[in-house]
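Numbering (full-length UniProt numbering), first residue to last: 1 to 208.
Where is the CB? At the ideal position from N, CA and C, for every residue including glycine.
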């Protein structure tokens, strides 16, 4: 799927969670800027410009498409690398068992380890702001990991109905004590994003 198609699917999924009986406050999408560096591959010694990769093109087109959607807030962190290449774990096992040697490693057997920076903080700040300012009374978080627990605790203490959509991912049973419900939309494409719902106004007026 193209970035534009994924943005459309994301937008549709968010509105499916809202339903006709609620009013959407805003859709928050959390991600990182794509990797931009130029490096040499350790096996082939080939120069790689990561701004010319399919992943880079996909991410940039996705972000541009999301920026044009109504009520979408793009929250972007950074990708940090340690400037070293790692060998995939299954190849490390083969090396340790001596079933292969270093000379047998292929181009796709190594990778750059990248770490997201700033995403968890942005999620926490946004949830805290909406909960404390009473902008919403229900939050739907679409995520496949447990990094949301501190933010979920704060939201629930403020009376927010906190719903998790893991999109088909297996979640630890202990996480259920930190959410108010589960709405699994596993039929949709697995994209890490977070959707927030605006509380329904009694007079049915939409405000920001």
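So residue i and residue j are supposed to be a Cβ contact under 8 Å. How far apart are they, rounded?
i: residue 114; j: residue 66; result: That pair is no contact at about 21 Å.
i: residue 34; j: residue 60; result: 7 Å
i: residue 71; j: residue 26; result: 5 Å
i: residue 143; j: residue 62; result: No, residue 143 and residue 62 are not in contact; Cβ-Cβ is about 17 Å, not under 8 Å.
i: residue 44; j: residue 107; result: 5 Å
Put residue i into one of helix, strand or coil per three-state DSSP.
i: residue 187; result: Only weak support exists for where residue 187 lies, its pLDDT of 49 falling under 50; the coordinates are left without a value.
i: residue 72; result: strand
i: residue 124; result: helix
i: residue 83; result: strand
i: residue 37; result: coil
i: residue 207; result: Residue confidence for residue 207 is low, a pLDDT of 34 falling below 50, so the modelled location carries little weight; the figure read from the coordinates is stated next. DSSP places residue 207 in coil when its eight states are reduced to three.
i: residue 157; result: helix
i: residue 165; result: strand
i: residue 132; result: helix
i: residue 180; result: coil
i: residue 194; result: Since pLDDT at residue 194 reaches only 44, below the 50 mark, its modelled position is unreliable, and no value is offered.
Counting along the chain, where does the beta strand (DSSP E) carrying residue i start and finish?
i: residue 113; result: 110-117
i: residue 23; result: 23-32
i: residue 62; result: Premise fails: residue 62 lies in the alpha helix (DSSP H), 54-67, not in any beta strand (DSSP E).
i: residue 48; result: 47-49
Residue i and residue j: beta carbons closer than 8 Å?
i: residue 150; j: residue 168; result: no
i: residue 112; j: residue 81; result: yes
i: residue 165; j: residue 184; result: yes
i: residue 13; j: residue 29; result: no
i: residue 140; j: residue 17; result: yes
i: residue 92; j: residue 42; result: no
i: residue 77; j: residue 117; result: yes
Alpha helix (DSSP H) containing residue i: first to last residue?
i: residue 7; result: 3-18
i: residue 140; result: Careful: residue 140 lies outside any alpha helix (DSSP H), inside the beta strand (DSSP E) at 138-142.
i: residue 92; result: 89-96
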